[in-house]
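Q: Got a structure for you, written out below as structure tokens; questions coming shortly.
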Amino acid sequence: MKKYLYPLLVILAASSYGVVSTIIKLAMGSGFSASEAVTSQFFIGFCIAVIIFFLTNRTKISFKGVKMLILAGVLTGCTNIVYGHSLNYLPASLAVVLLFQFTWIGMLISCITKRQLPTRIEFISILFLVFGTIPAAGLLDVDITKIPLQGWLWGLAAALCYSLFLFVNGRAATSMNTSSRLVFVSFFAFMMSAVFQSPEIIWNGTLFNEGLWIYGLALGLFGMIIPVFLFTIAVPKVGLGMTSILSAIELPIAVMVSVILLSESVTTIQIAGIIIILIGISLPTILTGNLLFMKKKAEKQKSKNNSYMLGEYKKHIS
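Residue numbers for the sequence shown follow our numbering, so the first one is 63 and each next one is one higher.
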């Protein structure tokens with residue numbers, strides 16, 4: 063059962079990210095801009111991280127290995143900023159598809175750093191994810207002939223930033239406790255958003271006087287605290303390649319939450335795409351589990367045969 067714990071944490075972290083787009087849409091429906099919502103996400107996320115740190119730590123914060131945490135925070139902020147910028151050129155469905163290219167980009171980074179090719183199971187799983195993302199995001203109804211080059215580049219840049227975040231988050235400051243890492247990552251993510259988004263919401267009354275904090279609290283939890291906390295624990299155990307595959311659950315969750323909270327319609331083709339993605343996510347776990355089961359069964363049978371042969375040998379010599 064323990065072998066499923068860390069993959070489950072990755073799935074929960076990615077599922078948490080899947081809620082974010084719907085919360086931002088709800089905030090926009092209440093009169094706030096996407097930029098304001100994202101800024102509130104990182105500011106309140108940082109505040110929550112600080113509270114968690116002081117509640118769970120009795121020692122001073124350590125700065126050992128902080129350089130990698132700075133990079134993790136910057137990449138977190140960059141992913142949101144670049145993805146938001148891609149929406150200026152792309153329809154939402156195509157932007158999602160380009161963002162989800164992190165599945166094979168993450169696998170590529172993993173192969174380069176480990177200097178080994180993906181397993182056959184991982185390769186087949188990636189194919190399922192790539193082909194399932196297109197119908198699941200509703201891209202089949204989009205005319206892509208008039209999409210400018212900038213849109214494609216910004217969308218792929220968002221996927222690259224997210225892949226690098228997963229990579230760095232799995233390696234950053236393993237000697238530092240999780241709550242300390244969370245403080246650093248959330249702080250530098252907020253700094254990135256403050257530079258490029260809408261920091262004025264903090265002092266002009268928009269955040270607290272106009273009710274944006276409600277959405278910021280939800281965004282801070284689902285878009286910062288929960289995923290970063292869980293990824294920090296699970297990615298080093300699962301590995302970047304498998305993390306990239308399991309994180310594809312974000313798209314089905316995003317579609318389902320938008321249907322529930324925004325009453326958006328979902329087509330049969332989208333449902334088929336979601337099913338393909340779920341198959342792609344499940345394949346590595348199921349097939350690897352079966353291989354381990356067969357291996358243990360063979361080892362058990364071998365041990366049983368050896369015990370039997372030893373018993374026969376003892377009878378013979380006696």
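Idealized CB from N, CA, C, for every residue including glycine.
1) Take F246 as the anchor and find which of L292, V112 and F227 has the nearest alpha-carbon.
2) Taking C-beta to C-beta, are P289 and Y66 nearer than 9 angstroms?
3) Could you compute how far the alpha carbon of V192 sits from the alpha carbon of P180?
4) Tell me, please, whether the stretch 251-260 touches the stretch 83-101 by the rule of three or more beta-carbon pairs shorter than 8 angstroms.
5) According to the neighbour-count rule (16 or more other Cβ atoms, all chains shown, within 10 Å of its Cβ), is N266 buried or exposed?
6) Less than 9 angstroms between the C-beta atoms of G401 and G303, yes or no?
7) Under three-state DSSP, which class holds I339?
8) Compute the distance between the beta-carbons of Y145 and A134, then report whether it is under 9 angstroms.
9) In this structure, does DSSP put T181 in helix, strand or coil?
10) Below 8 angstroms on the Cβ atoms is my guess for G342 versus I307; work out the distance and round it to an integer in Å.
11) Kindly list the residues whose CB is nearer than 6 angstroms to the CB of A316, restricted to its own chain and excluding five residues on each side of it in sequence; keep chain order.
12) Out of curiosity, what's the CA-to-CA distance linking F162 and A310?
13) Where does the unbroken alpha helix (DSSP H) through N231 begin, and where does it stop?
14) Does the separation of the CB atoms of I106 and L226 fall below 9 angstroms?
15) Please report the Cβ distance between Y277 and A89, rounded to the nearest whole angstrom; I am assuming they are in contact, meaning their Cβ atoms lie under 8 angstroms.
16) Do F293 and V136 count as a contact pair if the criterion is CB distance below 9 angstroms?
17) Under the assumption that F108 contacts S248 (Cβ atoms under 8 angstroms), give the Cβ distance between them as a whole number of angstroms.
18) Give the DSSP-derived three-state secondary structure of M238 in the structure shown.
19) Tell me the start and end of each unbroken alpha helix (DSSP H) in the stretch 265-301 that is at least 4 residues and wholly inside, in chain order.
20) Can you give the Cα-Cα distance for S92 and L313, rounded to whole angstroms?
21) Taking 9 angstroms as the threshold (C-beta atoms), are G213 and V159 in contact?
22) Around the Cβ of I174, are there at least 16 other Cβ atoms within 10 angstroms (buried) or fewer (exposed)?
23) Just curious, the alpha helix (DSSP H) that F175 is in, first and last residue?
24) Got a sec? Which residues, its chain only, sit under 6 angstroms from F250 by beta carbon, not counting five neighbours each side?
A: On the basis of the supplied data:
1) V112
2) no
3) 16 angstroms
4) yes
5) exposed
6) The shown model of the chain, from 63 to 380, leaves out residue 401, and the question about it has no answer.
7) helix
8) no
9) coil
10) 7 angstroms
11) G80 and S83
12) 7 angstroms
13) L211 to N231
14) no
15) 4 angstroms
16) no
17) 4 angstroms
18) coil
19) 274-282 and 288-300
20) 24 angstroms
21) no
22) exposed
23) Sequence inspection shows Thr at residue 175; the Phe mentioned does not correspond to that position. First-last of the alpha helix (DSSP H) with T175: F164 to K176.
24) I132, G135 and V136
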